[in-house]
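Chemist: First, the structure itself, so that you have it in front of you.
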Amino acid sequence: MASCTQIEGLLQAYIDGELGQSDRIILDRHVNECPVCAALFTRHQRASAIMFEVFAEDRLFRDLSPAVLENLPEMQMPKQDMEGINWRVKHPANWSSPITRFVPVGVLAVLVVLFFIIREHWPAPLPSESVIGMITHVGGSPTKLSGAAARSEECALEGFVNRGDRYITGKESTLILSMLGPTQLKLSENSHLKVETDRRLSLEEGELWLDIGGEANPFKVLTPNGEVTVFGTSFDVRVTKNETTVTVKRGNVTAENALNVRSLVAGDQVVLPATGEVPPVHAVDVVAVTKWADLLSPEERATTAFDYFLKRFGSQTELTGRAVFLFNTQRDDGAPMAVKSIELSWNPDSNSAHHCGYTVYVFDDASRVLFRERIDASVFNDHSLRSIEIPVPGKPIKGVKQLSVRLVPDYRSGEIQTSFDKVTASVS
Amino acid sequence: MQFDDAQLVSRCLEGDTSAYGTLVKRYQGAVYGTAYFYAGRYGAAEDIAQDAFMAAYQNLRWLQDPSRFGPWLKSIACRTAANWLRRHGKRLNSETPLPFRRTISIEDARESPRGTLERGERYERVQMAIDSLPERYRLPVVLRYLQELSYDEIADFTGESRDEVRGVLHRAGRQLRELLADMDESEGSAKWHPARK
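Going down the list, the protein sequences come from chains F and W.
Mapping of the first sequence onto my numbering: position 61 corresponds to residue 61, and the numbering continues sequentially without gaps.
Mapping of the second sequence onto my numbering: position 130 corresponds to residue 130, and the numbering continues sequentially without gaps.
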């Protein structure tokens, strides 16, 4: 006989009419004989009856198929064909509306405007290493000859100044170049200037006004009639066919030709002739001479651009190295000594080529040049040498308390500087 | 000759709408039961069932396995009912659900107010009992007691095996037996209609 548990498992299927005949007979017999299962069966039957009874109200009697078939929609086609059609069917008005017809044109216009706005604000391309300054004022129509390409182009405001560039100002045109240092360079009309490096210019003709920054590094202006060496100052250089006139507004300047060297301080002027001795320095009305330069000033917009450029690249090209030496030429008791020669010592490095030559300037207490001497680059390329003695030309130097020696590198002969560690004077 | 679901589906795809009529007849109880399960209290089960059949026909080409037409139809019926509830949810929230889901007949109207009240209470008790069942028991229970579907019909529609359906209904029946034990079987208070198969 089946157990009560087994019978309980059959109750639902029995009531649902889903039980096989054999199970039905077994259940019938068990329920007849077992009062517990009979009571359970009755309770189960009653619960089912309640369920059927409650739901009977809502049972579906109607056949839905006629209504469904009557309203049967179109069977959909494969999706890829239908998507576009459906979209156009759903949005028919969009294409005929006058506003939406201009949407593609509008989008295009916005893109073009955006392009121009972005291009306007795009940061300037990174200048190459040869860039040493920027054009900060353009008057008239000066031209520029690029060093490498040798092509002529009109100067543009905020254009970069490269090593080797030539600037030619014609009639009534002027130019201001702001260069590393910072140095400001004003070029008058009918001038021809070659920018060799940020510290070396070559004025072939015309007039140039310079305000030089960065005192540690000497600045040179070459002219056909001689050269001008500067140690942080402002001055004016004017070149005519036969002579170069140098006028100093501030600081001190050394002007020289093959024969002589002259020191100038504020208010001095000197004329370097094409040939022959340099006449002595004389005082001049500096304001009158440099009036043309005072009338020129850089554009504000270009100055901002230059400041950004300087901040970013100025330190990279700044030359380093201490090149000024001072020493006393008095004994401890105050008696002056006569200086016969000067000896420079340096630490040799591993490079056996590409050292630059130096020009040695010797100044007295009043910053006047006593003499100068050129030292060839080959001296510094030679590993066996670590000092050189420079004899004082003519008579020994006497009556000067303190000598200052400035060493000015000449980068035309090489680019490696020498690190000088000692300058001594040989006294009698 | 009795066609199986797959054959009927393939005839539908060839354009034979009468084949779809056969499928509707075969599954209308189950689809109606599903719609009733979701939205019966709002009297919308028939409309939802019709909509579900039309949506199924419209999308018949996407039915990947025609032999599993039932479970596929069930998912469409559930989705249609859910969409209906979402569309009408706002309005329904402010309305009291009908105590009975179908229109009250003249005979019903003749009954005493007390009888009507009692029937409402019974309905609520049964509804609560069903709600207390595990979720997967509820739809088979509704299909069984509302439309008197056989275990095979339920299995074809839900995609479960016949034995699984039997097990589910057995466990659900045992719980309902306990939940409804204190309810009196009211004799003759409702019209008893045998299910039309």
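Heads up, the beta-carbon is just placed ideally off N, CA and C, and yes, glycines get one too.
Is Gly-21/W close to chain F, meaning its C-beta is less than 9 Å from at least one C-beta of that chain?
Modeler: Cβ-Cβ to chain F under 9 Å: yes for Gly-21/W.
Chemist: Cα separation between Thr-247/F and Gly-226/F?
Modeler: Thr-247/F and Gly-226/F: Cα-Cα distance of roughly 14 Å.
Chemist: According to the neighbour-count rule (16 or more other Cβ atoms, all chains shown, within 10 Å of its Cβ), is Gly-133/F buried or exposed?
Modeler: Burial call: buried.
Chemist: Along the chain, where does the beta strand (DSSP E) containing Met-179/F start, and where does it finish?
Modeler: 174–179 is the extent of the beta strand (DSSP E) around Met-179/F.
Chemist: Suppose the cutoff is 7 Å on Cβ atoms and the five residues either side in sequence are ignored; what does the same chain contact list for Glu-243/F look like?
Modeler: Cβ within range, chain order: Asn-225, Val-271, Leu-272, Pro-273, Ala-274.
Chemist: At the 9 Å Cβ level, is Glu-164/W part of the contact set with chain F, yes or no?
Modeler: Not one chain F Cβ lies under 9 Å of Glu-164/W.
Chemist: Short of 9 Å Cβ to Cβ, which residues in the segment 14–42 of chain W face chain F?
Modeler: If the cut-off is 9 Å between Cβ atoms, the segment 14–42 of chain W has Gly-15, Thr-17, Ser-18, Tyr-20, Gly-21, Thr-22, Leu-23, Val-24, Lys-25, Gln-28, Gly-29, Val-31, Tyr-32, Gly-33, Tyr-36, Gly-40 near chain F.
Chemist: Determine the direct distance from the alpha carbon of Phe-102/F to that of Leu-139/W, and round the result to whole angstroms.
Modeler: For Leu-139/W and Phe-102/F, the distance between alpha carbons rounds to 55 Å.
Chemist: To the nearest angstrom, how far is the alpha carbon of Ile-25/F from that of Val-31/F?
Modeler: Taking the straight line joining both Cα atoms gives about 10 Å.
Chemist: Can you have a look at Val-110/F and say buried or exposed, based on whether 16 or more other CB atoms are within 10 angstroms of its CB?
Modeler: By the 10 Å Cβ count, Val-110/F comes out exposed.
Chemist: Determine, for Arg-62/F, whether the minimum Cβ-Cβ distance to residues of chain W falls below 9 Å.
Modeler: At least one chain W Cβ lies under 9 Å of Arg-62/F.
Chemist: Is it a yes or a no for the segment 294–305 of chain F touching the segment 149–160 of chain F, going by three-plus beta-carbon pairs under 8 Å?
Modeler: Contact holds: three or more Cβ-Cβ distances are below 8 Å.
Chemist: Looking only at its own chain, which residues have a Cβ that is under 6 Å from the Cβ of Ser-367/F, when we skip the five neighbours before and after it?
Modeler: So the list reads Asn-252, once near-sequence residues are dropped.
Chemist: Go ahead and label Ala-211/F buried or exposed: buried means 16 or more other beta carbons lie within 10 angstroms of its beta carbon, across all protein chains shown.
Modeler: Reading off the sequence shown, one finds Asp at residue 211/F, where the question assumed Ala. It is buried - the Cβ of Asp-211/F has at least 16 other Cβ atoms within 10 Å.
Chemist: State yes or no: is the beta carbon of Arg-59/F nearer than 9 Å to at least one beta carbon in chain C?
Modeler: Looking at the structure shown, chain C is missing, and the protein chains on hand are F and W.
Chemist: What do you reckon, are the CB atoms on Gln-50/W and Leu-64/F nearer than 9 Å?
Modeler: Yes.
Chemist: Using Cβ-Cβ distances below 7 Å, what residues of the segment 127–143 of chain W are close to chain F?
Modeler: Those residues of the segment 127–143 of chain W that come within reach of chain F (Cβ to Cβ, closer than 7 Å) do not exist; the list is empty.
Chemist: Does the beta carbon of Val-65/F come closer than 9 Å to any beta carbon on chain W?
Modeler: As written in the sequence, residue 65/F is Ser, which differs from the Val given in the question. It does; some Cβ of chain W falls within 9 Å.
Chemist: Sorted by chain position, which residues of the same chain lie with C-beta nearer than 8 Å to Thr-223/F's C-beta, five sequence neighbours on each side aside?
Modeler: These residues qualify, in order along the chain: Ser-202, Leu-203, Glu-204, Val-237, Val-239, Thr-244, Leu-272.
Chemist: Measuring alpha carbon to alpha carbon, tell me which of Ser-67/W, Glu-124/W, Tyr-57/W, Ile-76/W ends up nearest Met-51/F.
Modeler: Residue Glu-124/W is the option with its Cα nearest to Met-51/F.
Chemist: Is Phe-61/F helix, strand or coil by DSSP?
Modeler: Coil at Phe-61/F, not helix or strand.
Chemist: So, is Pro-409/F buried or exposed, given that buried needs 16 or more other C-beta atoms within 10 angstroms?
Modeler: Its Cβ being crowded by 16 or more others within 10 Å, Pro-409/F is buried.
Chemist: Spatial neighbours of Ser-341/F within its chain, please: C-beta separation below 8 Å, excluding the five flanking residues on both sides.
Modeler: Excluding sequence neighbours, Ser-341/F sits near Glu-389, Ile-390, Pro-391, Val-392, Ala-425, Ser-426.
Chemist: What separation, rounded to the nearest whole angstrom, lies between the Cα atoms of His-192/F and Arg-199/F?
Modeler: His-192/F and Arg-199/F: Cα-Cα distance of roughly 17 Å.
Chemist: Grouping DSSP H, G and I as helix and E and B as strand, with all else coil, what is Trp-292/F?
Modeler: Three-state DSSP puts Trp-292/F in a helix.
Chemist: When the Cα atoms are used, what is the spatial distance from Lys-398/F to Thr-197/F?
Modeler: C-alpha separation (whole angstroms): 38 Å.
Chemist: Counting only Cβ pairs nearer than 7 Å, list the residues of chain W close to Gln-12/F.
Modeler: Within 7 Å Cβ-Cβ: Leu-169, His-170, Gly-173.
Chemist: According to DSSP, is Gly-70/W helix, strand or coil?
Modeler: If DSSP states are grouped into helix, strand and coil, Gly-70/W belongs with the helices.
Chemist: Less than 8 Å between C-beta atoms, sequence neighbours within five positions excluded: which residues of the same chain meet that for Leu-180/W?
Modeler: Correct list, in chain order: Arg-125, Val-126, Ala-129.
Chemist: For Thr-17/W, name the three-state secondary structure that DSSP assigns.
Modeler: Helix.
Chemist: With DSSP as the reference, please indicate the residues paired to Asp-236/F in a beta bridge.
Modeler: According to DSSP, Asp-236/F bridges with Trp-209/F, Thr-247/F.
Chemist: For the segment 55–77 of chain W, list every residue whose C-beta sits within 7 Å of some C-beta in chain F, in sequence order.
Modeler: Hits within the stretch, in order: Tyr-57, Gln-58, Asn-59, Leu-60, Arg-61.
Chemist: Report all residues from its chain with a CB closer than 6 Å to the CB of Glu-18/F; omit the five preceding and five following residues, and keep chain order.
Modeler: Closer than 6 Å at Cβ, skipping near neighbours: no residue.
Chemist: Taking the CB atoms as reference points, tell me whether Asn-59/W and Gln-76/F lie closer together than 9 Å.
Modeler: Cβ distance < 9 Å, so Asn-59/W and Gln-76/F count as in contact.
Chemist: Relative to the C-alpha of Tyr-42/W, which candidate in Leu-85/W, Leu-146/W, Ile-154/W, Thr-22/W has its C-alpha closest?
Modeler: Tyr-42/W has its Cα closest to that of Leu-85/W, out of Leu-85/W, Leu-146/W, Ile-154/W, Thr-22/W.
Chemist: Measure the alpha-carbon distance for Ala-109/W versus Gly-120/W and round it to whole angstroms.
Modeler: At Ala-109/W the pLDDT is 46, less than 50, meaning the model places this residue with poor confidence; the figure from the coordinates comes in the next sentence. So the alpha carbons of these two residues sit roughly 14 Å apart.
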